[in-house]
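Asks: For reference, the structure I am asking about is given below.
In the working numbering, the protein residues as written are 29 to 333.
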């Protein structure tokens with residue numbers, strides 16, 4: 029089984045997408061920028077892309093490239109789209125259109141990978157072994173250092189001992205209904221958190237699948253369907269949402285607030301024809317085992333609720 033960070037598909041596929049989510053926070057400017065390089069394979073509209081989301085205030089951009097400008101290597105890992113490169117050691121960005129110019133280089137420190145085993149080789153647990161899932165998810169780095177600089181239009185962003193996060197998705201389509209939350213800038217600097225609850229089609233039926241990973245002081249807590257956890261009390265309210273992950277008396281409660289959300293394109297049968305909204309710079313409150321942790325630099329999506 030390939031590591032999630034590696035390219036899982038091929039350019040010959042149809043109705044297929046694959047994308048990486050590189051997030052970094054510039055604490056000096058109190059701003060977050062995420063780059064989403066990827067590939068969309070829908071016959072007649074094959075192309076590579078890089079999506080960008082910046083907050084605050086939230087703005088999103090979609091850069092489209094000919095499929096021939098996409099290439100990837102495995103040893104070491106590298107994705108190249110035109111003059112932009114994405115690797116385990118950093119990224120090099122050269123993006124320009126009529127609305128925005130982004131230029132610069134960021135260097136990454138060592139990735140904090142999630143725990144894995146034969147039973148649970150990825151965040152998807154044993155479901156990682158099932159072929160042709162609608163959407164596969166991989167958590168590559170819960171946290172890593174970010175250093176370097178970007179020029180965003182006329183603004184200079186300097187990253188110094190800042191933090192990044194990296195995950196990815198691949199398959200045919202995003203779920204019709206899901207929530208996603210991520211943060212690694214909490215009031216307790218040892219805490220990292222990601223969670224997703226999604227409606228998963230499986231063998232002609234569907235179920236709500238839960239995947240979540242919480243790290244506190246270096247200890248990992250895996251809260252997932254395959255470990256017996258279920259989603260409870262998903263509630264949407266003005267300016268955010270909340271939910272609980274529960275297994276017996278073990279409960280993780282999450283409350284999400286965001287003032288604004290930016291539109292991102294999302295895959296539907298390989299084509300980037302869907303639209304979702306992501307709140308970047310969300311306030312995320314996680315309560316687990318009697319302790320509460322708060323982040324003001326989270327990412328959040330709520331789709332289909």
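Just so it is clear, CB atoms sit at the ideal spot from N, CA and C, and this is done for glycine as well.
If you're wondering where the values come from, they're calculated on a predicted model, not measured in any experiment.
With distance defined between alpha-carbon atoms, name the residue in 194, 41 and 202 nearest to residue 221.
Replies: Checking every option, the nearest Cα to that of residue 221 belongs to 194.
Asks: Between the segment 44-64 and the segment 185-203, are three or more C-beta pairs nearer than 8 Å?
Replies: Verdict: yes, contact present.
Asks: The beta strand (DSSP E) spanning residue 252 covers which residue range?
Replies: Taken as a continuous stretch (DSSP letters only), the beta strand (DSSP E) holding residue 252 covers 247-252.
Asks: Could you tell me whether any Cβ in chain C is nearer than 8 Å to the Cβ of residue 126?
Replies: The chain inventory of the structure shown lacks chain C, comprising one protein chain alone.
Asks: Taking just the CA atoms, how far does residue 38 sit from residue 30?
Replies: Approximately 13 Å between the Cα atoms of the pair.
Asks: My guess is that residue 302 and residue 289 are in contact by the Cβ rule of under 8 Å, so how many angstroms apart are they, rounded?
Replies: At roughly 15 Å, the Cβ-Cβ gap does not stay under 8 Å, so residue 302 and residue 289 are not in contact.
Asks: Measure from the alpha carbon of residue 13 to the alpha carbon of each residue in 163, 160, 167 and 139, then state which is nearest.
Replies: It is not possible to answer for residue 13, since the shown part of the chain is limited to 29 through 333.
Asks: With respect to the beta strand (DSSP E) encompassing residue 312, which residues constitute its N-terminal and C-terminal limits?
Replies: Start and end: 299-316.
Asks: With a threshold of 7 Å on Cβ separation, who are the neighbours of residue 99 within its own chain once the five nearest residues in sequence on each side are excluded?
Replies: So the list reads 108, once near-sequence residues are dropped.
Asks: Taking the alpha-carbon positions, what's the residue 306 to residue 327 distance?
Replies: Those two C-alpha atoms are separated by around 7 Å.
Asks: What residue from 257, 277, 152 and 282 has the CA that sits closest to residue 269's CA?
Replies: The shortest C-alpha separation from residue 269 is found at 282.
Asks: Go ahead and pull the three-state DSSP assignment for residue 158.
Replies: Coil, per DSSP.
Asks: By Cβ distance, which residues of its chain are closer than 8 Å to residue 123, with the 5 residues on each side in sequence left out?
Replies: 78, 80, 89, 91, 112, 129, 130 and 131, listed in sequence order.
Asks: Once you ignore the five residues that flank residue 332 on each side, which residues in its own chain have a CB closer than 6 Å to its CB?
Replies: The answer, listed in chain order, is 204 and 205.
Asks: Pop quiz: residue 173 and residue 105 are said to be a contact at Cβ under 8 Å. What is the actual Cβ separation, rounded to whole angstroms?
Replies: Wrong, their Cβ atoms sit about 18 Å apart, outside the cutoff.
Asks: Among 275, 247 and 266, whose alpha-carbon lies nearest the alpha-carbon of residue 259?
Replies: Looking at the Cα atoms, 275 is the closest of the given residues.
Asks: Measuring straight from C-alpha to C-alpha, what distance separates residue 63 and residue 246?
Replies: Each residue's alpha carbon lies about 27 Å from the other.
Asks: Per DSSP, which one or two residues make a beta bridge with residue 15?
Replies: Absent from the model: residue 15. The displayed extent of the chain is 29 to 333, so no value can be given.
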